[in-house]
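**Q**
Residue numbers (the working numbering): 178 to 606.
#1: So, at 8 Å on beta carbons, what are the nonlocal neighbours of residue 341 in its own chain, with the 5 sequence-adjacent residues on each side left out?
#2: Using a threshold of 7 Å, state whether the C-beta atoms of residue 261 and residue 251 are closer than that.
#3: If distances are taken between C-alpha atoms only, which option among 424, 495 and 542 comes closest to residue 528?
#4: What are the start and end residues of each continuous beta strand (DSSP E) run of 3 or more residues lying completely inside the region 425 to 491, in chain order?
#5: Please classify residue 431: is it buried, with 16 or more other beta-carbons within 10 angstroms of its beta-carbon, or exposed?
#6: Would you call the region 395 to 415 in contact with the region 352 to 368, where contact means no fewer than 3 C-beta pairs closer than 8 Å?
#7: Which one of 354, 239, 548 and 443 has the shortest CA to CA distance from residue 345?
#8: Who are residue 316's beta bridge partners in DSSP?
#9: Would you identify the three-state DSSP class for residue 530, choosing helix, strand or coil?
#10: When the distance is taken between beta carbons, is residue 272 closer than 7 Å to residue 582?
#11: Going by DSSP, what residue range makes up the beta strand (DSSP E) through residue 247?
#12: Give the single residue among 478, 532 and 421 whose Cα lies nearest to the Cα of residue 502.
#13: For residue 490, which residues of its own chain have a beta-carbon under 7 Å away from its beta-carbon, when the five flanking residues on both sides are left out?
#14: Buried or exposed for residue 336, going by 16 or more other Cβ atoms inside 10 Å?
#15: Output the residue ranges of the beta strand (DSSP E) runs that lie fully inside the region 349 to 430 and measure 3 residues or longer, sorted by chain position.
#16: Which stretch, first to last residue, makes up the alpha helix (DSSP H) that contains residue 335?
#17: Identify the continuous beta strand (DSSP E) that holds residue 553 and give its terminal residues.
#18: What did DSSP end up calling residue 287 once you bin it into helix, strand or coil?
#19: Classify residue 505 as buried or exposed, calling it buried when 16 or more other Cβ atoms lie within 10 Å of its own Cβ.
#20: To which residues of the same chain is residue 400 closer than 7 Å at the C-beta, ignoring the five residues directly before and after it?
#21: Pull up the distance between the alpha-carbon of residue 588 and that of residue 601, whole angstroms please.
#22: Helix, strand or coil for residue 601? Go by DSSP, reduced to three states.
#23: Could you tell me the boundaries of the alpha helix (DSSP H) in which residue 501 lies?
Below you can see the structure in the form of structure tokens.
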């Protein structure tokens, strides 16, 4: 009876911890360091988000742009895979002036946590949701008159003033008004609509990350076209408070284009080593797992689907509970590497949906079930960077890999090398 009562108490505490999102205990193997072990959130696979590195990156960007220029923290793609709700507090603490979201859904997630900070939606919001934009004080990018009319009418119904930014398409060919007299006339009409506040105007430069002469020339021409549109509007008495051109790469390479605000996206998360000579940044995310099985296979044995790998010697094979269902792409089959005990171990055989195999034959020391493995990040003196992984997945860009790390992978948020929060989207029970 006593034992069943103890078990009930333990189960209740564990369930309560899971519902609250995390459960933390000291790890006796690590000299008192507080860790989040895999059994605290069921999955022996997790992404660690270093909030100290995130804060450092914001400070670096602030030093670069100065105090006069606002910083928009772009959190589209669920904060580039980091998890919006896990990072916005740190971004606000570090002085982010505004958030940028791709979707109304993302903006509402932010607004639920932060009631006053400005939020801009970059993408298309269906007109039937204009009331939500107004109700929750979310700025919408406007690129056609009909959209502005819809938002103005919603604001009138709610007896509020809606706030918008207009986008100018200077060469992206995506959303935005094309530079023309007709567009000037339309924007002037929008600026005069009741219940609308035209707070911002911006453009997007798709080649700001390219450093060849032609790309630089194209980007500069975009900037000149944008400035001409702004000047023409001002000549007609339309003065828009916030003008912004620079995305992450533009922020680094085109300081004269900073204007009133920069849009910091991937540079917040430190996942581009190519610009370390311009602005030293630190990677925010690492991806880890624990070994689930270890076995010895003799020479001539096949591994995984399709028999894409055959052992040439007696081979120690470890199985990780990580697969393409988690975002560990099948293109890394027989090409990827992970870190075990600070040394590289190759991925062998076809990556499965939920598991993959690695060759640990050459790893010094005994590897056992529960051993920590680093898929992305640093272990000892070795590091696997996002660039390295992306190059092995043909056609991938760095942040594409970050955003495909699945929601079923728990996000563990770290400060001072200790976990402060875990978000596990699969433990909502």
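A virtual CB, placed ideally from N, CA and C, is assigned to each residue, including glycine.
**A** Result, derived from the coordinates:
#1: 316, 317, 318, 319, 325, 328, 367, 373, 374, 375, 376 and 377
#2: no
#3: 495
#4: 438 to 441, 462 to 467 and 470 to 474
#5: buried
#6: The region 395 to 415 is in contact with the region 352 to 368.
#7: 354
#8: 297
#9: Shown here, residue 530 sits in coil according to DSSP, grouped into three states, outside any helix or strand.
#10: It is not a contact, given that the beta carbons lie outside the stated cut-off.
#11: Membership of residue 247 in the beta strand (DSSP E) is indicated by the continuous run 247 to 251.
#12: 532
#13: 476
#14: exposed
#15: Qualifying beta strand (DSSP E) stretches, in chain order: 373 to 380 and 419 to 421.
#16: 322 to 335
#17: In the DSSP assignment, residue 553 falls within the beta strand (DSSP E) that extends over 549 to 556.
#18: helix
#19: In summary, residue 505 is buried, with 16 or more beta-carbon neighbours lying within 10 Å of its beta-carbon over all protein chains present.
#20: 422 and 434
#21: A direct Cα-Cα distance of roughly 7 Å separates residue 588 from residue 601.
#22: coil
#23: For residue 501, there is no enclosing alpha helix (DSSP H), as DSSP marks it with neither H nor E.
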